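A.B. asks:
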Amino acid sequence: RNCTVLCSCCRPDGDNMAIAAAAIPPSSRGLCVPQRYVLAFMGFLAIANGYIQRFCLSLAITEMVLPNDREESDKDDLVDLTACPYQNVNSSITDAIVHTSAQFDWSEQTQGLILSAVFWGYVLTQLPGGLLAERLGGKHVLGVGLLVSTLGTLLTPEVALLGPYYLVAVRFCIGLGQGVMYPSLNVMLAQWAPPQERGRLGAAVFAGAQIGNVVSMAVGGLLMRFTEGGWVNVFYVFGAAGLAWLALWEILCYSEPESHPFISDEEKQFLMTQSVGQLKRRKDLPPTPWRHIFSSVPLWGLIIAQVGHDWGLFTIITDLPKYMKSVMHFSIAQNGLLSAAPYLAMWIFAVFCGGIVDFLVSRKLSITLVRKMFISVAASGPAFGILAASYSGCDKVLVSVFFTIGMGLMGAFVPSLKVNALDLSPNYAGTLMALVGGIGAISGIITPYLVGLLTPNSTLLEWRLVFWIAVIVLVSTNIVYLLTGSAEVQPWNDPLALEDGRKPSIIPRKPSSQDKVSAHILESGAVAT
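Under our numbering, read the sequence shown as residues 1386 to 1914, first letter to last.
#1: In terms of alpha-carbon separation, which member of 1494, 1504, 1488 and 1620 lies closest to residue 1822?
#2: In three-state DSSP terms, what is residue 1418?
#3: Near residue 1463, what residues of its chain come up, given a Cβ to Cβ distance below 7 Å and the 5 sequence neighbours on each side ignored?
#4: State the start and end residues of the unbroken alpha helix (DSSP H) segment that holds residue 1695.
#5: Which partner residues does residue 1919 have in the DSSP bridge list?
#6: Can you list, in chain order, the residues of its chain whose CB lies under 6 Å from that of residue 1432, leaving out five sequence neighbours each side?
#7: Under a three-way DSSP split, which group does residue 1645 fall into?
#8: Are residue 1530 and residue 1559 closer than 7 Å when you measure CB to CB?
#9: What number of angstroms, rounded off, separates the C-alpha of residue 1732 from the C-alpha of residue 1629?
#10: Who are the near neighbours of residue 1868 in its chain, counting only those whose CB is closer than 8 Å to its CB and skipping five residues on each side?
#11: Using 8 Å for Cβ pairs, my map puts residue 1574 next to residue 1527. What's the rounded Cβ distance?
#12: For residue 1599, which of 1765, 1440 and 1577 has the nearest alpha-carbon?
#13: Using 8 Å for Cβ pairs, my map puts residue 1790 next to residue 1770. What's the rounded Cβ distance?
#14: Return the residue from the list 1608, 1874, 1726 and 1838 that minimises the CA-CA distance to residue 1751.
#15: Assign residue 1644 to buried or exposed, taking buried as 16 or more other Cβ atoms, counted over all protein chains shown, within 10 Å of its Cβ.
#16: Would DSSP call residue 1749 helix, strand or coil?
#17: Along the chain, where does the alpha helix (DSSP H) containing residue 1513 start, and where does it finish?
#18: What is the DSSP secondary structure of residue 1532, counted as helix, strand or coil?
#19: Does the Cβ-Cβ distance between residue 1469 and residue 1677 come in under 7 Å?
#20: From residue 1604 to residue 1646, what distance separates their C-alpha atoms?
#21: Is the separation between the beta-carbon of residue 1637 and that of residue 1423 shorter than 7 Å?
#22: Kindly indicate which residue of 1864, 1680 and 1648 has the alpha-carbon position closest to the one of residue 1420.
#23: Helix, strand or coil, according to DSSP, for residue 1808 in the structure here?
#24: Would you check if the distance between the CB atom of residue 1764 and the CB atom of residue 1846 is smaller than 7 Å?
#25: Excluding sequence positions up to five away, which residues of its chain have a Cβ less than 8 Å from the Cβ of residue 1626?
#26: Would the region 1825–1841 count as touching the region 1688–1696 if we require 3 or more Cβ pairs under 8 Å?
#27: What separation, rounded to the nearest whole angstrom, lies between the Cα atoms of residue 1736 and residue 1852?
#28: Keeping to the same chain, check which residues put their C-beta closer than 6 Å to that of residue 1542; ignore five residues upstream and five downstream.
#29: Tell whether a beta-carbon distance below 7 Å holds between residue 1856 and residue 1768.
#30: Smallest Cα separation from residue 1809: which of 1773, 1877 and 1841?
#31: Smallest Cα separation from residue 1772: which of 1850, 1709 and 1449?
#32: Looking at the structure shown, is residue 1635 part of a helix, part of a strand, or coil, going by DSSP?
#33: My output table needs one value for residue 1458: the three-state DSSP class, helix, strand or coil.
#34: How far does the alpha helix (DSSP H) with residue 1866 in it reach, from first residue to last?
#35: Distance check for residue 1880 and residue 1672, CA to CA, integer angstroms please.
#36: Would you kindly work out how many angstroms separate the C-alpha atoms of residue 1747 and residue 1581, rounded to a whole number?
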């Protein structure tokens, strides 16, 4: 019998029964839970936990740091005529009560340095993480990385008491752990995601970023408002969630279908017959074709698009809570919920776009055209929303609506920008994702510190300049991608064919003992797509 922990359908062994069962789409066989969907769900939770731990400080720091009191400036006639007023006394009293837990007198520049530190480490481990995942498998590389991130999160409250530069060091270590996250998951998706499901599975996994931001902001705000420990509890609760995920990850997920003890034979054969498109790892993987990779125009177009996307995204994720508090004067609970709304909208739109992308591809529309369409939506939508919000003045409703709509449209990047590395080279997806993500994450180093420099007094006019810079970067990098981007498999994806002068192709797996079953399935055309 072939019974699994997550699959209740059991059947007798035998070639004829295996062939008959494999002809039924694995995703619709009784009460079975296909393991590629389990992996997608756990990958979703991995990214959600990563983003929660990375950005929970963005909201918490508004309550950790003593408020910037501009009353003395006002007395010196340096009054900001565009400053938004507090709308009622009760909210000011509530904020004052919450601020009793604030104990750090850090300047805006110091806060920017702390918030950017995570990206210093994040950039450094992208490429090593991708290379390790391609050769060792993504499961343990990702697990170790998020273990480091989780421990750093749990230590944050104690380390912050030692001084800002100790906190910078811990945030740097959190970034080192999280740098392997996307490369590892891309390597695993190359093993587990059939081409016709790549848009949906990719959207499901990478949408964890948006849910992570929602939880980080909404739950973090409520924890700080309604629990006795205040901001300290944010790091303890989210650190504990990371430990729970690690335990499930080690039990349920494996780097490739061949090594998974719980997968059904039918699903394993389904994935093999769909030719997911990657080489077996370790000894079968040819040396990385660095020269061809670094001279690839489509890859550089993707990298530039990622830089623009990350600039807009990290500007909002890292600093929107500060804008909502210091400029719009929302209370901490309101700040958390309203800062979460754009990412909830982004997640909903990302899932919607994933289905649309798969539909368009199934209709034989050019994959390159589809990718460019959705990446353009993901760049122009936020540009409009950010700019409109910055010119909405002190209208809290309009500001919240425009930020939510604009950042919601950014969700189109998940089934386009985030899976484009898989299009270009399934065999070296981890390496490409490391390069793309690593260079793109440099935006995360620059933007928080730049915001700190440009907004020393946190005035509306200072923030408007920040938003204009984000708009220009988003639009200009998107234009570059439209001119240079592609979704075609690149010749260097198959180094052996490149050397022999053959037409580039996806390098196949070694033949297995189940080839007769696979051949029968292909001849019958019974495997659902």
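The beta carbon of each residue, even a glycine, is placed where N, CA and C say it ideally should be.
The model shown is predicted, which means the values in this text are computed figures rather than measured ones.
C.D. replies: On the basis of the coordinates in this document:
#1: Selected option, being the one with the closest Cα: 1504.
#2: Coil, per DSSP.
#3: Legend: pLDDT at residue 1463 = 44, less than 50; position of this residue unreliable, value from coordinates given subsequently. Annotation for residue 1463: no residue places its beta carbon closer than 7 Å to its own, counting only its chain and skipping 5 residues before and after.
#4: Element bounds for residue 1695: 1682–1711.
#5: Limits of the chain in this structure are 1386 at one end and 1914 at the other, which puts residue 1919 out of reach.
#6: Counting only Cβ-Cβ distances below 6 Å, and skipping sequence neighbours, we find 1593 and 1594.
#7: Coil, per DSSP.
#8: One thing to note: residue 1530 has its Cβ no nearer than 7 Å to the Cβ of residue 1559.
#9: Put simply, the backbone Cα of residue 1732 is about 23 Å away from that of residue 1629.
#10: The residues 1686, in chain order, have a CB closer than 8 Å to that of residue 1868 in the same chain once the five nearest residues on each side in sequence are set aside.
#11: No, residue 1574 and residue 1527 are not in contact; Cβ-Cβ is about 12 Å, not under 8 Å.
#12: The shortest CA-to-CA distance from residue 1599 to any of 1765, 1440 and 1577 is the one to 1440.
#13: Taking 8 Å as the upper bound for CB-CB distance, residue 1790 and residue 1770 are in contact here, some 5 Å apart.
#14: By alpha-carbon distance to residue 1751, the top candidate from 1608, 1874, 1726 and 1838 is 1874.
#15: Of the residues assessed, residue 1644 falls on the exposed side of the cut-off, its CB having fewer than 16 other CB atoms within 10 angstroms.
#16: Under the three-state reduction of DSSP, residue 1749 is assigned to coil, being neither helix nor strand.
#17: In the DSSP assignment, residue 1513 falls within the alpha helix (DSSP H) that extends over 1511–1521.
#18: Reduced to three states, the DSSP call for residue 1532 is helix.
#19: No; because the gap between Cβ atoms is not below 7 Å, this pair is not in contact.
#20: Taking the straight line from one Cα to the other gives about 36 Å.
#21: Closer than 7 Å, so yes.
#22: With distances taken between CA atoms, residue 1420 lies nearest to 1648 out of 1864, 1680 and 1648.
#23: Helix, per DSSP.
#24: The Cβ atoms of residue 1764 and residue 1846 do not sit closer than 7 Å to each other.
#25: Answer for residue 1626: 1434 and 1437, listed in chain order.
#26: Contact holds: three or more Cβ-Cβ distances are below 8 Å.
#27: Approximately 27 Å, taken between the alpha carbons.
#28: Apart from the 5 residues on each side of it in sequence, residue 1542 sits with its Cβ closer than 6 Å to the Cβ of 1617 and 1620 in its chain, given in chain order.
#29: In this structure, residue 1856 places its C-beta atom within 7 Å of the C-beta atom of residue 1768.
#30: That would be 1877, whose Cα lies nearest to the Cα of residue 1809.
#31: When each option's Cα is compared against that of residue 1772, the closest is 1850.
#32: Residue 1635: helix per DSSP, three-state reduction.
#33: Confidence in residue 1458 is poor, its pLDDT being 46 and thus under 50, which makes the residue's placement too unreliable to answer from.
#34: Residues 1845–1869.
#35: Rounded to the nearest angstrom, the two C-alpha atoms are 8 Å apart.
#36: Whole-angstrom Cα-Cα distance: 7 Å.
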